[in-house]
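Those protein sequence lines, which keep their order, are chains H and A. FYI, the numbering for the first sequence is -19 to 175, going by my numbering. FYI, the numbering for the second sequence is -19 to 175, going by my numbering. C-beta atoms are modelled at their ideal positions from N, C-alpha and C, and glycine is treated no differently. Notes follow the structure.
Number of protein chains: 2
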Amino acid sequence: MSLIQLSLPLILASASPRRRELLDQSGLSYIVDVSDADETCDTKDPGEYVMELSRRKATAICERHPNSLIIGADTIVVYDDEILGKPSDEKEALDMLMYLSGRTHQVLTGVTLLRTSHSGILLSRTFAEVTNVTMYDNDRDLLQRYIDTKEPMDKAGAYGIQGMGALLVERIEGDYNTVVGLPLARVCRELGDLT
Amino acid sequence: MSLIQLSLPLILASASPRRRELLDQSGLSYIVDVSDADETCDTKDPGEYVMELSRRKATAICERHPNSLIIGADTIVVYDDEILGKPSDEKEALDMLMYLSGRTHQVLTGVTLLRTSHSGILLSRTFAEVTNVTMYDNDRDLLQRYIDTKEPMDKAGAYGIQGMGALLVERIEGDYNTVVGLPLARVCRELGDLT
């Protein structure tokens, strides 16, 4: 049972377990289908970047799903116009977390929603949501213990706000779920408009 | 494994499953022990109100737990200086949700942390955290479908941000977990100071 009534199958073009948990929270039924999309992107503007990657993820699978709704999404962490991806090792994770400590950074999630017909894309919407995240002035020992949990290693900006990373965060401004990886309320509302 | 090292047993003086889920997220070990505390309170100031109730919940069980750390907490929803509790029926839930739609309200969580010795309370800290929550301009049909899920009925302000209620919320300012029911980061950090 969900608050939003969809008359078409819903496809999530993302392998992220955090995005699946968010969609589960909405009560919507969906299937996951992921295809390799080219993730190299020359755009320097963070909003353009996440929107372009969300578009590629959604369009990469659209031919396999006629008469459906497709969600593509991409999330990045930005501080001082610099995009922070996933850390390559523990040292880089510690550097990122030290860099973000005591400061406010942005988390951007780009989303593309596609409505396909029997022969192609009928409607398309792409947007980006931004949430400000302010970290406590975390000391190195605390951050090292966080890294020892391994939680940071597969996450943009080296933290997960929905896990133990919550202990590092003082406050946010915006949609919490944008930080987790999918601005759930806006996605559900816009999906309702597309059916 | 947790980021915070506690050298004493931790007791949660709350039966709320949402508070338990938050403490689980922190990785801390704890037990739950709840005693009936008097929840009638004449205070009109919302901050004083949640702090007083958190204090009562924590002190109600402190004699049973020497040499321990105890957490008491209470959460309320406030709009225009009016405290909204749990709805008594579906009509009141709809009234509350219509009232909050398109507006920004406050969620307050009061917390009391006690450090007991072998003979009584050794240290005590009480604080309140406030988070602003802005609702979408939700229409009556959507809100009625939300009420049909039964989710609102046991929740202050008639919504749960960690459930399908997320679809009603546009943005927040503050700690997300204060809205869920426990400002987890601050609680864990202050617990670390008490041991």
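Task: Nearest to Arg169 of chain A (by Cα), restricted to the options H:Thr129, H:Pro(-3), H:Asn118 - done: Walking along the second sequence from the start, residue 169 of chain A turns up at place 189. Among H:Thr129, H:Pro(-3), H:Asn118, the Cα nearest to that of Arg169 of chain A belongs to H:Asn118.
Task: Residue from H:Leu(-8), H:Met76, H:Met(-19), H:Asp18 whose Cα sits closest to the Cα of Thr92 of chain H - done: Here residue 92 of chain H refers to the residue found at position 112 of the first sequence. Ranking H:Leu(-8), H:Met76, H:Met(-19), H:Asp18 by Cα distance to Thr92 of chain H puts H:Leu(-8) first.
Open item on the list: So Pro26 of chain H and Leu64 of chain H are supposed to be a Cβ contact under 8 Å. How far apart are they, rounded?
Closed with: One-based indexing of the first sequence puts residue 26 of chain H at position 46. One-based indexing of the first sequence puts residue 64 of chain H at position 84. That belief does not hold up - the Cβ atoms of Pro26 of chain H and Leu64 of chain H are roughly 10 Å apart, past 8 Å.
TODO: Measuring only between beta-carbons, confirm whether Ser6 of chain A sits less than 8 Å from chain H.
DONE: On the second sequence, position 26 is the one that residue 6 of chain A refers to. It does; some Cβ of chain H falls within 8 Å.
Open item on the list: On a Cα-Cα basis, can you pick out the residue from H:Val167, H:Gly161, H:Ala136, H:Gly154 that is closest to Tyr59 of chain H?
Closed with: Mapped onto the first sequence, residue 59 of chain H falls at position 79. Comparing Cα positions, the closest option is H:Ala136.
TODO: Compare the C-beta of Leu122 of chain H against all C-beta atoms of chain A and say whether one is closer than 8 Å.
DONE: For the purposes of this step, residue 122 of chain H is identified with residue 142 of the first sequence, where counting begins at 1. It does: the Cβ of Leu122 of chain H has a partner Cβ on chain A nearer than 8 Å.
Task: Arg83 of chain A (DSSP reduced to helix, strand or coil) - done: Here the question's residue 83 of chain A lines up with position 103 in the second sequence. If DSSP states are grouped into helix, strand and coil, Arg83 of chain A belongs with coil.
- [ ] Answer with yes or no whether the minimum CB distance from Tyr126 of chain H to chain A is below 8 Å.
- [x] Along the first sequence, read from residue 1 onward, the residue named residue 126 of chain H stands at position 146. True, the Cβ-Cβ gap to chain A drops below 8 Å.
Task: Under 7 Å by beta carbon: chain A residues contacting Gly154 of chain H - done: In the first sequence, counting from the first residue as 1, residue 154 of chain H sits at position 174. Neighbours of Gly154 of chain H on chain A, chain order: Arg151.
- [ ] Taking Val14 of chain H as part of the alpha helix (DSSP H), name the residues at either end of that continuous run.
- [x] Reading the first sequence from its first residue, position 34 is the one you call residue 14 of chain H. Segment: none, Val14 of chain H is in no alpha helix (DSSP H) and carries neither H nor E.
- [ ] Indicate whether at least one CB of chain A lies closer than 8 Å to the CB of Gly90 of chain H.
- [x] Start at 1 with the first residue of the first sequence, and residue 90 of chain H comes out as number 110. So no, Gly90 of chain H is outside the interface.
TODO: Go ahead and pull the three-state DSSP assignment for Ser34 of chain H.
DONE: If you number the first sequence from 1, residue 34 of chain H lands on position 54. Here Ser34 of chain H sits in helix by DSSP.
Task: Residue-chain proximity (Cys42 of chain H, chain A), Cβ-Cβ < 8 Å - done: For the purposes of this step, residue 42 of chain H is identified with residue 62 of the first sequence, where counting begins at 1. For Cys42 of chain H, the answer is no, since every Cβ of chain A falls outside 8 Å of its Cβ.
Task: the region 70 to 78 of chain A / the region 130 to 148 of chain A touching (three or more Cβ pairs under 8 Å) - done: yes
TODO: Could you name the residues of chain H that Leu164 of chain A contacts, counting a contact when the two beta carbons are closer than 8 Å?
DONE: Taking the second sequence and counting its residues from 1, the one referred to as residue 164 of chain A is at position 184. Ordered by position in chain H, the residues that pass the 8 Å Cβ test against Leu164 of chain A are Ala146, Leu147.
Open item on the list: Would you say Gly82 of chain A lies against chain H (beta-carbon separation less than 8 Å)?
Closed with: To locate residue 82 of chain A, count along the second sequence from 1; it is residue 102. No - not a single Cβ of chain H is within 8 Å of the one on Gly82 of chain A.
Open item on the list: Strictly under 8 Å for the Cβ-Cβ distance: is Tyr116 of chain H near chain A by that measure?
Closed with: Locating residue 116 of chain H in the first sequence gives position 136, counting from the first residue. Closer than 8 Å: yes.
TODO: Examine the Cβ distances between the region 144 to 160 of chain A and the region 109 to 118 of chain A and report whether three or more of them are shorter than 8 Å.
DONE: yes
TODO: Out of H:Arg83, H:Ile56, H:Asn157, H:Lys24, state which residue places its alpha-carbon closest to the alpha-carbon of Ser34 of chain H.
DONE: Start at 1 with the first residue of the first sequence, and residue 34 of chain H comes out as number 54. For the residues H:Arg83, H:Ile56, H:Asn157, H:Lys24, the minimum Cα distance to Ser34 of chain H belongs to H:Ile56.
TODO: Tell me, please, whether the region 121 to 130 of chain H touches the region 33 to 49 of chain H by the rule of three or more beta-carbon pairs shorter than 8 Å.
DONE: no
- [ ] Using DSSP bridges, identify the partner residues of Ile(-9) of chain A.
- [x] Taking the first residue of the second sequence as 1, we reach residue -9 of chain A at position 11. For Ile(-9) of chain A, which the question treats as bridged, DSSP gives the partners A:Ile11, A:Ile50.
- [ ] Name, please, each residue of chain H whose Cβ falls closer than 9 Å to the Cβ of Met(-19) of chain A.
- [x] As a working mapping, residue -19 of chain A is identified with position 1 in the second sequence. Under the 9 Å cutoff, chain H gives Arg125, Asp128, Thr129, Met144.
Task: Beta-carbon contacts of Tyr10 of chain H that lie in its chain and below 6 Å, excluding the five residues immediately before and after - done: Locating residue 10 of chain H in the first sequence gives position 30, counting from the first residue. Leu(-10), Leu(-8), Leu3.
TODO: Express the C-alpha separation of Tyr126 of chain H and Ile(-16) of chain A in angstroms, rounding to a whole number.
DONE: Within the second sequence, residue -16 of chain A is the residue found at index 4, counting from 1. Within the first sequence, residue 126 of chain H is the residue found at index 146, counting from 1. For Ile(-16) of chain A and Tyr126 of chain H, the distance between alpha carbons rounds to 10 Å.
Task: C-alpha distance - Asp134 of chain A paired with Ile101 of chain H, whole-angstrom precision - done: As a position in the second sequence, residue 134 of chain A is number 154, starting the count at 1. As a position in the first sequence, residue 101 of chain H is number 121, starting the count at 1. Cα to Cα, the separation comes out at about 43 Å.
Open item on the list: For Thr158 of chain H and Ala165 of chain H, what's the separation of their Cα atoms in angstroms?
Closed with: Here residue 158 of chain H is taken as the residue at index 178 of the first sequence, counted from 1. Here residue 165 of chain H is taken as the residue at index 185 of the first sequence, counted from 1. Distance between the alpha carbons of Thr158 of chain H and Ala165 of chain H is about 10 Å.
- [ ] Drop a sphere of 10 angstroms on the beta-carbon of Thr96 of chain A, count the other beta-carbons inside from all chains shown, and report buried for 16 or more, exposed for fewer.
- [x] As a working mapping, residue 96 of chain A is identified with position 116 in the second sequence. Per the 10 Å Cβ criterion, buried.
TODO: Check each candidate in A:Leu162, A:Leu171, A:Leu174 and name the one with the smallest Cα separation from Ser(-6) of chain A.
DONE: Counting from 1 along the second sequence, the entry for residue -6 of chain A is found at position 14. Among A:Leu162, A:Leu171, A:Leu174, the Cα nearest to that of Ser(-6) of chain A belongs to A:Leu162.
Open item on the list: Under 8 Å, Cβ to Cβ, is there at least one residue of chain A near Cys168 of chain H?
Closed with: In the first sequence, the residue the question calls residue 168 of chain H occupies position 188. Yes - at least one Cβ of chain A is within 8 Å of the one on Cys168 of chain H.
- [ ] Give a yes or no on whether 8 Å exceeds the smallest Cβ distance from Asn211 of chain A to chain H.
- [x] Nothing can be reported for residue 211 of chain A: it is not among the residues displayed for chain A, which extend from -19 to 175.
Open item on the list: Helix, strand or coil, according to DSSP, for Thr158 of chain H in the structure here?
Closed with: Here the question's residue 158 of chain H lines up with position 178 in the first sequence. Correct three-state label for Thr158 of chain H: helix.
TODO: Rounded to whole angstroms, what's the CA-CA distance from Leu8 of chain H to Asp173 of chain A? Just pull it up for me.
DONE: The residue given as residue 8 of chain H occupies position 28 in the first sequence. The residue given as residue 173 of chain A occupies position 193 in the second sequence. The alpha-carbon atoms of Leu8 of chain H and Asp173 of chain A are separated by roughly 43 Å.
Task: Run of the alpha helix (DSSP H) containing Leu171 of chain H, from where it starts to where it stops - done: If you number the first sequence from 1, residue 171 of chain H lands on position 191. From DSSP, the alpha helix (DSSP H) with Leu171 of chain H extends over 164 to 174.
- [ ] Tell me the start and end of each unbroken beta strand (DSSP E) in the region 89 to 146 of chain A that is at least 3 residues and wholly inside, in chain order.
- [x] 101 to 115
Open item on the list: Which residue wins for smallest C-alpha separation from His98 of chain H, given the options H:Gln86, H:Ser81, H:Ala53, H:Cys42?
Closed with: Position 118 of the first sequence, counted from the first residue, corresponds to residue 98 of chain H. Selected option, being the one with the closest Cα: H:Cys42.
TODO: Could you tell me which residues DSSP pairs with Leu64 of chain H in its beta bridges?
DONE: Walking along the first sequence from the start, residue 64 of chain H turns up at place 84. According to DSSP, which records beta bridges pairwise, Leu64 of chain H is partnered with H:Val57.
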